[in-house]
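Engineer: For the sequence shown, the numbering used here assigns the number 39 to the initial residue and increments by one for each residue that follows. For glycine and all other residues, C-beta sits at the position ideal for the given N, C-alpha and C.
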Amino acid sequence: GVRVVINSLEQAARWLAAGGGRCDLMVDTGINRLGLPLANLGDPMIARLEVDVLLSHLASADEDVALNPRQCARWEEARRVVPHLRASLANSAGIALGDAYHGDLTRPGLSLYGGVPRRELEGRIAQVARPMAAVMQVRNIEAGEGVGYNATFIAPHAMRIGVVALGYADGFLRCWSAGKGVLLRQGRRLPVLGRVSMDMVDVDLSGADEVREGDWLEV
39 GVRVVINSLE QAARWLAAGG GRCDLMVDTG INRLGLPLAN LGDPMIARLE
89 VDVLLSHLAS ADEDVALNPR QCARWEEARR VVPHLRASLA NSAGIALGDA
139 YHGDLTRPGL SLYGGVPRRE LEGRIAQVAR PMAAVMQVRN IEAGEGVGYN
189 ATFIAPHAMR IGVVALGYAD GFLRCWSAGK GVLLRQGRRL PVLGRVSMDM
239 VDVDLSGADE VREGDWLEV
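Written out as structure tokens, the structure is:
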């Protein structure tokens with residue numbers, strides 16, 4: 039389910055005025071981004087909150103710097119002051135800093151996308167998701183035929199092409215038109231032909247004879 043995260047006394051006041059209930063509390067221990075200042079931890083308003091997760095966020099966990107143990111110590115101080123059910127500090131890099139940073143739950147981000155934030159995690163992180171797009175249609179075109187809007191690509195010879203369900207509405211940039219972008223099929227590069235449309239793009243299937251309608255290409 040969804041649970042509100044309180045970052046300031048003002049937000050705490052609005053939450054309590056609206057009826058309150060279970061919430062999370064973010065404490066700023068040194069990143070100066072979101073979070074309640076440490077000086078406000080003892081405010082009576084905070085004592086009235088029903089805090090589930092007391093959390094903070096590491097600023098430089100991917101580096102061996104003095105700020106890491108300082109933030110950990112400040113987070114521990116917050117845990118002593120604020121009643122809560124669970125506590126969380128470590129991001130992806132923070133997980134590699136050791137048990138002292140883990141609390142009751144960790145919050146990996148970069149590592150979920152296959153990023154390796156510290157050398158201790160090399161070989162232990164695998165990408166769990168990747169963008170894919172389906173081939174909607176496979177077409178055979180003749181030399182001299184145009185592809186896509188304004189026929190910005192003209193086939194130099196007979197070609198087999200794929201129309202893929204992907205476009206700039208999905209975040210596939212228009213500037214990747216005219217061969218600047220590629221999709222992948224089992225590691226092979228399939229160049230974009232012509233212009234990227236709103237929800238479709240054409241790719242060259244030369245050398246990918248096994249690709250059929252309904253197959254998935256990696257973005």
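#1: Hey, P229 and G245: beta-carbon distance below 7 angstroms or not?
#2: Quick check on this structure: which residue in S235, G200, D242 has the alpha carbon closest to the alpha carbon of L211?
#3: Under three-state DSSP, which class holds N178?
#4: From M170, E48, N45, pick the residue whose C-alpha is nearest to that of R223; which is it?
#5: Would A55 be called buried (16 or more neighbouring beta carbons within 10 Å of its own) or exposed?
#6: Taking DSSP as the reference, what is the three-state secondary structure of E251?
#7: Scan the stretch 190-219 and note each continuous beta strand (DSSP E) run of 3 residues or more that stays entirely inside, going in chain order.
#8: Could you give the distance in angstroms between the alpha-carbon of L204 and the alpha-carbon of A196?
#9: Tell me the start and end of each unbroken alpha helix (DSSP H) in the stretch 124-185 that is at least 4 residues and wholly inside, in chain order.
#10: Please tell me whether P155 and S126 are closer than 7 angstroms, where the distance is taken between their beta carbons.
#11: For H95, which residues of its own chain have a beta-carbon under 6 angstroms away from its beta-carbon, when the five flanking residues on both sides are left out?
#12: Name the two residues that bound the continuous beta strand (DSSP E) containing E88.
#13: By Cβ distance below 7 angstroms, which residues in the same chain neighbour C110 in space, the five residues on each side in sequence not counted?
#14: Can you tell me the Cα-Cα spacing of G136 and L159, whole angstroms?
#15: Applying the criterion that 16 or more other CB atoms from any shown protein chain within 10 Å of the CB defines a buried residue, is R162 buried or exposed?
#16: Taking all protein chains shown into account, decide if D62 is buried (16 or more other Cβ within 10 angstroms of its Cβ) or exposed.
#17: Out of V103, P121, D253, which one is the CA nearest neighbour of V202?
#18: Please confirm whether G182 and L243 have their CB atoms less than 7 angstroms apart.
#19: Would L79 and V119 qualify as a contact pair, given that the criterion is a beta-carbon distance under 7 angstroms?
#20: Using a Cβ-Cβ cutoff of less than 8 angstroms, which residues in the same chain neighbour Q175 once the five nearest sequence positions on both sides are dropped?
#21: So the candidates are V91, P107, L76, A134; which of them puts its Cα closest to the Cα of L143?
Structural biologist: Inspection of the coordinates gives the following:
#1: Not in contact: P229 and G245 (Cβ atoms no closer than 7 angstroms).
#2: With distances taken between Cα atoms, L211 lies closest to S235.
#3: Looking at N178 - three-state DSSP - the assignment turns out to be strand.
#4: The residue with the shortest Cα to Cα distance from R223 is M170.
#5: With fewer than 16 Cβ atoms within 10 Å of its Cβ, A55 is classed as exposed.
#6: In this structure, E251 counts as coil in the three-state DSSP scheme.
#7: Listed in chain order, the complete beta strand (DSSP E) runs (minimum 3 residues) inside the stretch 190-219 are 197-202.
#8: Rounded to the nearest angstrom, the two C-alpha atoms are 24 angstroms apart.
#9: If we require 4 residues or more, the alpha helix (DSSP H) runs fully inside the stretch 124-185 come out as 130-133.
#10: In this structure, the beta-carbon distance from P155 to S126 does not fall below 7 angstroms.
#11: These residues qualify, in order along the chain: I69.
#12: Annotation: the continuous beta strand (DSSP E) that includes E88 extends over 88-93.
#13: Closer than 7 angstroms at the Cβ level, and outside the excluded window around C110, lie L127, A138, Y139.
#14: Rounded to the nearest angstrom, the two C-alpha atoms are 12 angstroms apart.
#15: By the Cβ neighbour-count rule, R162 is exposed, with fewer than 16 other Cβ atoms within 10 Å of its own.
#16: Burial call: buried.
#17: Comparing Cα-Cα distances from V202 to each of V103, P121, D253, the minimum goes to D253.
#18: No, these two residues do not count as a Cβ contact at 7 angstroms.
#19: If you check the CB distance, L79 and V119 come in under 7 angstroms.
#20: Same-chain partners within the cutoff: G200, V201, E251.
#21: Measuring C-alpha to C-alpha distances from L143 to each of V91, P107, L76, A134 identifies V91 as the nearest.
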